[in-house]
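Novice: One line per chain: the protein sequences are A and B, in this order.
In this note's numbering, each residue carries its 1-based index in the first sequence increased by 355.
In this note's numbering, each residue carries its 1-based index in the second sequence increased by 59.
The beta carbon of each residue, even a glycine, is placed where N, CA and C say it ideally should be.
What you are looking at is a predicted structure, and each value in this text was computed from that prediction instead of being measured.
One structure, pasted below without further comment.
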Amino acid sequence: MKNRTIKVDYLARVEGEGGLFVKIKDNKVVDVKLNIFEPPRFFEAFLRGRHFTEVPDITARICGICPIAYQTSSVRAMENACGATVDGQLRALRRLIYCGEYIESHALHVYMLHAPDFLGCEDVLDIAKAHPDLVKKALRLKKIGNDLMVLLGGREIHPISMRVGGFYKVPTKAELQAMVEPLTWALDFALATVKFTSTLTFPDFEQDYEFVSLRHPDEYPLFDGRIVSSKGIDIAIDEYPQYFEEQHMAHSTSLHSVVKARGAYHVGPLARYSLNFDKLPEVAQKAAKKAGLKQTCNNPFKSIIVRAVETVFACHEALRIISEYKMPEKPFVEVTPRAAVGHGASEAPRGMLYHRYRIGADGLIQEARIVPPTSQNQRVIESDLSAYVNKNMKLSEEKLTWQCEQVVRNYDPCISCSCHFLKLHIDRQ
Amino acid sequence: MATPGPIVVIGIGNDFRSDDGVGLYVARAIGALNLPGVTTIDGVADGSNLMTAWEDSRAVFIIDCALSGAEPGTIHTFDALTEEIPADIFPRFSTHAIDIPESIKLGRLLENLPPRLTVYAIEGENLAAGADCTYKVKMAAEKVVAMMRKAIETLPAESDNDC
C-alpha cells in the first residue's frame with residue numbers, strides 16, 4: 356500500500372492531551388502534525404498586574420511534575436530584573452531542590468512511561484507483573500526525589516517555600532542529614548538503572564540535531580550560565596529573544612520555537628548531556644561510558660539511558676550539597692523592585708525553560724513570556740517522526756503506530772506545560 | 060507490641076477547579092479534627108505516589124471527586140481491597156499520571172496495599188475554574204467527614220486484617 360494515514364487520537368504515557376497525524380503519499384511522508392489540543396491556559400496574560408513576588412507560586416501551577424523548574428526560572432528572572440544576587444548556601448539549596456525534581460521526574464519517565472515501550476509492555480502494571488522488585492525500587496527512587504522536594508519546598512505539589520530572593524524557610528543541617536542514607540541508596544539504584552537501560556534494544560536512528568542548553572563554567576547546568584548550542588550559539592540568557600522565536604501553528608495550541616537563523620532545535624536530557632558531558636561528576640561519566648554512550652548522543656531513543664545518567668548526577672550532587680551545607684542566617688536576600696526587564700532560564704527535566712518579565716517600579720508585572728521545553732521540542736519531534744516513518748515505511752500499521760508514539764515519548768513531552776498535547780494519525784495515500 | 064501504623068487520609072484534587080477540590084476539602088476537615096494517629100495528606104502529584112503515601116499505614120482513606128454521571132453529591136464508597144473501582148468514575152485530565160484505580164492495581168501486584176483501604180468518591184457538578192465546591196457537593200463532603208470520623212474512631216487499635 357503506497358498511501359496511508361497513521362493516526363493516534365490520544366497519545367498515552369505523556370503529560371497532557373495531544374495527538375499525532377502522519378500522512379504518507381507514494382511511500383513518502385508528506386505531512387506530520389503533532390496536534391496539541393489541550394486548551395491554552397493564558398498564564399502569561401493573567402500574570403500581568405500581579406506582584407513580582409507572586410511569580411513562583413503562580414508559575415508553579417503550570418506543571419505538577421516540574422514545578423521547581425517554573426519557580427526557579429521565574430525567581431531568577433525577577434532577581435535579574437531587580438539586580439539581586441542569590442548565592443552561597445541559598446543557591447546551593449536551589450540546586451538541591453532541583454535535584455529532587457530530577458530524581459522524581461526522571462524516575463517517573465524512565466520506569467513508568469518510557470520503559471514499557473522497550474519491554475513490550477502496555478504500561479507499568481505489565482512491568483510490575485514481570486518485575487515487581489524493579490517497580491518497587493523505582494517507586495522508592497521517585498519517593499526520595501519527592502521527599503527532597505517536600506523537605507525544601509514544604510509540600511509535594513506546587514511547593515510553597517521558594518521565593519524571589521531565596522526561600523521562606525530553609526532546612527537545618529540535621530534535617531538534610533536525614534536524607535543522606537536514602538540518597539546514598541538512590542545513587543546506587545540510579546547506577547543500576549543506567550546499567551538496566553543500557554541493556555534495552557534501541558532502533559538505529561540518529562539525527563543531526565542542534566542541541567541547545569545552558570552551560571556553566573564549573574557545574575552541570577541547572578539554572579545559570581550561558582545558552583549554548585551544538586551549532587555555535589553561545590549567548591547570555593538575556594539574549595534569548597534575539598536568537599529564538601515562537602511561531603503559531605494552526606494545528607497546535609502550543610507555540611513552536613525555532614532558532615531564527617536555522618529552524619528546529621532540541622532541548623532536554625540529550626542536549627544537556629551532549630553539551631555538558633565534561634561537567635558531569637566522574638561517577639556519572641563512568642556509568643555513561645560503561646553503558647556504551649559517547650560524549651554526544653544523537654539517538655533520541657537512548658534518552659532513557661541519559662535520564663538515568665542524569666539521575667546519577669542528581670543523587671551525587673544532592674549528597675555533595677548536603678555534605679557542604681551550612682544553614683544560612685537568613686533564608687532570603689531582600690529584593691527591591693525596579694522598572695526593568697528580567698530574563699531567567701533553567702534546565703527543567705524536559706529541557707531549557709525560559710522566562711522573561713517586564714515589571715514596573717511598583718513591582719507589578721507588565722508583561723510575561725514563558726517558553727516551556729515541550730514547545731521548543733515540538734518542531735524537532737515532528738522532524739524525528741518524519742525521518743523515522745520514512746525509514747521504517749515497511750513496518751506494519753500497528754508496529755509503526757506504536758513506534759511513532761515512542762518517538763514522541765522519547766521527549767517526555769509535557770503538553771500541559773506547553774499549552775500553555777497527544778492522538779497519532781497516519782494518513783497513507 | 061509494635062506501635063500501630065498511622066491512619067492515612069489522602070485527599071485528591073485541585074483546589075482551583077471547584078468540585079474537583081472536594082477531596083482536599085474533606086482531608087483538611089479530618090486534619091482539623093486532630094484525631095489521634097491520623098495523618099492527612101492533601102494532594103499527591105501523581106497516583107504512583109499513593110503507594111509510598113500509604114506505606115506502613117494500618118488504614119487508608121482516599122477521597123476524590125467522581126464524574127460518573129450520577130446525581131451531584133452522590134457518595135460512592137468502595138472497599139478497595141475487595142471491590143474493583145470502575146476506571147471511568149474519576150475525571151481524567153491527563154494520560155500521563157497513574158490514576159487511583161491503576162495505583163490500587165499496582166499496589167495489589169506489588170503486594171503493597173494497606174490492611175484497610177477505603178475510597179470515597181463524591182460526585183461533582185462543576186469542574187470549571189473556581190475556588191469553592193458547589194452546595195450539593197459540599198453537603199456531601201460534610202457527610203463523608205462524619206462517615207470517616209466514625210470509621211476512624213471505630214477502627215481496632217491494630218490491624219487484624221492481613222492483606
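Give a yes or no on whether 9 Å exceeds the smallest Cβ distance from A:GLU409 to chain B.
Specialist: Chain B places no beta carbon closer than 9 Å to that of A:GLU409, leaving this residue out of the contacts.
Novice: Under 9 Å between C-beta atoms, does B:VAL103 make it to chain A?
Specialist: yes
Novice: Give the interface partners of B:SER77 over in chain A, defined as CB-CB distance under 9 Å, in chain order.
Specialist: The premise fails here: B:SER77 is roughly 16 Å from chain A at the closest Cβ pair, so nothing lies under 9 Å.
Novice: If you count every other CB in all the chains shown that lies within 10 Å of the CB of A:TYR466, and 16 or more means buried, which is it?
Specialist: buried
Novice: Is B:THR98 close to chain A, meaning its C-beta is less than 9 Å from at least one C-beta of that chain?
Specialist: no
Novice: When the distance is taken between beta carbons, is A:VAL535 closer than 9 Å to A:GLU434?
Specialist: No, Cβ-Cβ distance for A:GLU434 and A:VAL535 is not below 9 Å.
Novice: Report yes or no: is there a C-beta of chain A within less than 9 Å of the C-beta of B:SER116?
Specialist: no
Novice: Let me know if A:ARG385 comes out buried or exposed under the rule of 16 or more other beta-carbons within 10 Å of its beta-carbon.
Specialist: Before going further, note that residue 385 of chain A is Val rather than Arg in the sequence given. Under this definition A:VAL385 is an exposed residue.
Novice: If you run the structure through DSSP and keep just helix, strand and coil, what is A:ASN511?
Specialist: Here residue 511 of chain A is Glu; the residue named in the question, Asn, does not match the sequence. Coil at A:GLU511, not helix or strand.
Novice: Could you tell me whether the Cβ of B:ASN171 comes closer than 9 Å to any Cβ of chain A?
Specialist: yes
Novice: Give me the Cα-Cα distance between A:GLU737 and A:PHE401, rounded to the nearest whole angstrom.
Specialist: Computed Cα separation, rounded: 30 Å.
Novice: Tell me which same chain residues have a C-beta within less than 8 Å of the C-beta of B:ILE159, skipping the five on either side of it?
Specialist: ILE71, GLY106, LEU109, ILE121, ASP123, ILE144, PHE149, VAL178
Novice: I need the DSSP call for A:MET682, collapsed to helix, strand or coil.
Specialist: coil
Novice: Would you report the Cα separation of A:GLU601 and A:HIS710, rounded to the nearest angstrom?
Specialist: 13 Å
Novice: Is the number of C-beta pairs between the segment 403-412 of chain A and the segment 708-724 of chain A that are closer than 8 Å three or more?
Specialist: yes
Novice: Given that B:LEU168 touches chain A, what residues does it touch there, using C-beta distances under 7 Å?
Specialist: LEU480, ALA483, LYS484, PRO487
Novice: Is the separation between the beta-carbon of A:SER428 and that of A:THR414 shorter than 9 Å?
Specialist: yes
Novice: Inspect the CB distances between the segment 453-462 of chain A and the segment 662-673 of chain A and report whether three or more fall short of 8 Å.
Specialist: yes
Novice: Here's the rule: buried if 16 or more other CB atoms are within 10 angstroms of the residue's CB, otherwise exposed. What is A:GLY443?
Specialist: With fewer than 16 Cβ atoms within 10 Å of its Cβ, A:GLY443 is classed as exposed.
Novice: I want to know whether the segment 505-519 of chain A touches the segment 693-704 of chain A - three or more CB-CB distances under 8 Å.
Specialist: No, because fewer than three Cβ pairs between the segment 505-519 of chain A and the segment 693-704 of chain A fall closer than 8 Å, the two stretches do not touch.
Novice: Suppose only complete runs of 4+ residues qualify. What are the alpha helix (DSSP H) ranges in the segment 657-744 of chain A, listed by chain order?
Specialist: Annotation: the segment 657-744 of chain A contains the following complete segments of the alpha helix (DSSP H) (minimum length 4 residues), in chain order: 658-678.
Novice: At a Cβ cut of 7 Å, what residues of the segment 492-525 of chain A count as close to chain B, listed as they run along the chain?
Specialist: For the segment 492-525 of chain A, the set of positions with a beta-carbon nearer than 7 Å to some beta-carbon of chain B reads LEU494, LYS497, LYS498, ASN501, GLU511, ILE512 in chain order.
Novice: For A:PHE632, I'd like the list of residues in its chain whose CB is within less than 8 Å of its CB, leaving aside the five on either flank, ordered along the chain.
Specialist: GLN640, ALA643, GLN650, THR651
Novice: Examine chain B for any beta-carbon lying closer than 9 Å to the beta-carbon of A:LEU463, and answer yes or no.
Specialist: yes
Novice: On the premise that A:ARG627 lies in contact with A:GLU565, defined as a C-beta separation below 8 Å, what is that separation, rounded to the nearest angstrom?
Specialist: Not quite, the Cβ-Cβ distance comes to about 14 Å (not below 8 Å), so this is no contact.
Novice: Report, in whole angstroms, the separation of the C-beta atoms of A:LYS528 and A:MET682, which I expect to be a contact under 8 Å.
Specialist: The pair is a contact, with the Cβ atoms about 6 Å apart (cut-off 8 Å).
Novice: Could you tell me if A:TYR595 is buried or exposed, where buried requires 16 or more neighbouring beta carbons within 10 angstroms of its beta carbon?
Specialist: buried
Novice: Between A:TYR598, A:ARG450, A:ASN745, which lies nearest to A:SER612 when the distance is taken from Cα to Cα?
Specialist: A:TYR598
Novice: Just the chain A side, please: which residues come within less than 7 Å of B:GLU14 by C-beta, in chain order?
Specialist: In the structure displayed, chain B extends from 60 to 222; residue 14 of chain B sits before or after that span and is not available.
Novice: According to DSSP, what are the bridge partners of A:GLN602?
Specialist: A:HIS611
Novice: I believe A:ASP767 touches A:HIS464 by the beta-carbon criterion, under 8 Å. Please report the beta-carbon distance rounded to the nearest angstrom.
Specialist: Rounded, the Cβ-Cβ distance is 5 Å, consistent with contact.
Novice: For B:ILE165, go through chain A and note every residue whose CB falls closer than 8 Å to its CB, in chain order.
Specialist: Note on residue identity: the sequence assigns Leu, not Ile, to residue 165 of chain B. Simply VAL479, LEU480, ALA483, VAL490.
Novice: Would you say B:THR111 reaches chain A, if we count a Cβ-Cβ gap shorter than 9 Å as a contact?
Specialist: yes
Novice: Comparing alpha-carbon positions, which option in A:CYS421, A:TRP540, A:THR729 lies nearest A:TYR620?
Specialist: A:THR729
Novice: Would you say the segment 674-689 of chain A touches the segment 701-710 of chain A, given that touching needs at least three Cβ pairs under 8 Å?
Specialist: no
Novice: Closest Cβ-Cβ distance between A:ARG403 and chain B: below 9 Å?
Specialist: For A:ARG403, the answer is no, since every Cβ of chain B falls outside 9 Å of its Cβ.
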